[in-house]
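Written below as structure tokens is the structure these notes are about.
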Amino acid sequence: MALAYPVRSLWPDYTRAGIGLAIALLPMPWVPPGSFGNWLLGLLALLFGGFAVMTWVKHRSTVQMNPAGIRILGPVGRTIAWEALDRLALRFYSTRKERGHGWMQLKLSGGGASITIDSNLDRFHLVAARAARAAAENALALDPTTLANLESLGVWPVDLEAGR
């Protein structure tokens, strides 16, 4: 199964990166070279440029799942066999105080590789469910936050008893 980040979910990140780069780079000609302001704008440009590159890497990457494992194909490729999975963490990051809005981030590690997947990936819940099953098969202990977040995705922790 091949999954990708939909372009519509990446445009806000591209927009943020572009606006940040514009804010950092447009005033540069009027700021004295070597001044604190010049250094600050340069650091901001690096920060937003790095964010743009990370967004582009996501855009160019494909997540592939099969019975043997999970693989990221793209500029920064990685592979983790399900039987080698030794860490699973699922976190929710709220964008509002009432926690009604936000995104999840799934972090997987195993076999010397790490993979991080954001919830704006198409069919993210299927990736999380398959990773949770591998964690149970490998008898991994999952922290309470991860268990609660899996439950919110419809992956019932009772199914994961072997992983407790």
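Numbering (this note's numbering), first residue to last: 387 to 550.
Idealized CB from N, CA, C, for every residue including glycine.
Taking Cβ to Cβ, would you say L492 is nearer than 8 Å to A514? At the C-beta level, L492 and A514 come within 8 Å of one another.
Taking all protein chains shown into account, decide if V462 is buried (16 or more other Cβ within 10 angstroms of its Cβ) or exposed. Counting Cβ neighbours within 10 Å, V462 comes out exposed, since fewer than 16 surround it.
Can the beta-carbon of A518 be found less than 8 Å from the beta-carbon of W468?
Cβ distance not < 8 Å, so A518 and W468 don't count as in contact.
### Query
For A410, which three-state DSSP category applies?
Three-state result, A410: helix.
**Item:** Collapsed DSSP secondary structure at W542 in the structure displayed
**Value:** Coil at W542, not helix or strand.
*If you drop the 5 nearest sequence neighbours on each side, which residues of the same chain put their C-beta closer than 8 Å to that of I456?*
The answer, listed in chain order, is V449, Q450, T465, I466, W468, L494, I501, V513, R516 and A517.
Next on the checklist: Less than 6 Å between C-beta atoms, sequence neighbours within five positions excluded: which residues of the same chain meet that for G406?
Outcome noted: Cβ neighbours of G406 beyond the five flanking positions: F434.
Item to complete: Report the three-state DSSP secondary structure of S495 (helix, strand or coil).
Response: Strand at S495.
Taking 8 Å as the cut-off, decide whether the C-beta atoms of D504 and L389 are in contact. With a cutoff of 8 Å on beta-carbon distance, D504 and L389 are scored as not near each other.
- Task: Within the same chain, show all residues whose beta-carbon is closer than 6 Å to that of A355, passing over the 5 residues directly before and after it, in chain order.
- Result: Examination of residue 355 is not possible in this model, given that the chain is present from 387 through 550 alone.
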